[in-house]
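**Student:** This is the structure I want to talk about, given as structure tokens.
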Amino acid sequence: MNIGSFLHRDQALYGVFNGETVAPASPGLIAQYPTLRDLLDAEKSEALKGSVNLSATIPIAEITFQPPIPNPRKIICVGMNYPKPYPVDGVAPPSPEHIILFGKE
Numbered sequence: 019m020n021i022g023s024f025l026h027r028d029q030a031l032y033g034v035f036n037g038e039t040v041a042p043a044s045p046g047l048i049a050q051y052p053t054l055r056d057l058l059d060a061e062k063s064e065a066l067k068g069s070v071n072l073s074a075t076i077p078i079a080e081i082t083f084q085p086p087i088p089n090p091r092k093i094i095c096v097g098m099n100y101p102k103p104y105p106v107d108g109v110a111p112p113s114p115e116h117i118i119l120f121g122k123e
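Just add 18 to wherever you are in the sequence shown, counting from 1, and you've got my numbering.
Take a look at the structure:
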């Protein structure tokens, strides 16, 4: 299930993405859990699957994507230093032997 947050007609919503459309969460679920973070914090992601109206989907061309989780508490980053900028003449960067993980709270 691909979920995320978005704006539609200046209203902050979240829902389930399916190809070129998004099915917004029901107004009742959004009233109870105003943001996707609230829904996930309450461990109610399965409620989202049952609340979307697949016949009332919105084309993604009509929405503005927002950060998937508004106001994240923790961000985990993966980094790799390259000896030169990529892509260079169509050459892909090498696969890293070791990745660097770091976080910020």
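Heads up, the beta-carbon is just placed ideally off N, CA and C, and yes, glycines get one too.
Can the beta-carbon of Asn71 be found less than 8 Å from the beta-carbon of Ala41?
**Tutor:** Residue numbering aside, residue 71 sits at position 53 when the sequence shown is read from its first letter. Residue numbering aside, residue 41 sits at position 23 when the sequence shown is read from its first letter. Yes; because the gap between Cβ atoms is below 8 Å, this pair is in contact.
**Student:** Quick check on DSSP: helix, strand or coil for Gln50?
**Tutor:** The residue labelled residue 50 in the question sits at position 32 within the sequence shown. Three-state result, Gln50: helix.
**Student:** Kindly identify the DSSP beta-bridge partner or partners of Pro42.
**Tutor:** The count along the sequence shown starts at 1 and reaches residue 42 at position 24. DSSP, once it has assigned bridges, lists Gly33 as partnering Pro42.
**Student:** If you draw a straight line from the C-alpha of Pro112 to the C-alpha of Gly46, how long is it?
**Tutor:** Walking along the sequence shown from the start, residue 112 turns up at place 94. Walking along the sequence shown from the start, residue 46 turns up at place 28. So the alpha carbons of these two residues sit roughly 48 Å apart.
**Student:** For the alpha helix (DSSP H) containing Ser63, name the first residue and the last one.
**Tutor:** The sequence position of residue 63 within the sequence shown is 45, counting from 1. Per DSSP, Ser63 belongs to the alpha helix (DSSP H) from Ser63 to Ser69.
**Student:** Beta-carbon within less than 8 Å of Glu38's beta-carbon, same chain only, minus the 5 sequence neighbours each way: which residues are those?
**Tutor:** Taking the first residue of the sequence shown as position 1, residue 38 is located at position 20. Within the same chain, Glu38 has close Cβ partners Pro77, Ile78 and Ala79.
**Student:** Do Ile87 and Arg55 have their beta-carbon atoms positioned less than 8 Å apart in this structure?
**Tutor:** As a position in the sequence shown, residue 55 is number 37, starting the count at 1. As a position in the sequence shown, residue 87 is number 69, starting the count at 1. The answer is yes: Cβ separation under 8 Å.
**Student:** Buried or exposed for Val34, going by 16 or more other Cβ atoms inside 10 Å?
**Tutor:** Along the sequence shown, read from residue 1 onward, the residue named residue 34 stands at position 16. Classification of Val34: buried, given that the 10 Å Cβ count is 16 or more.
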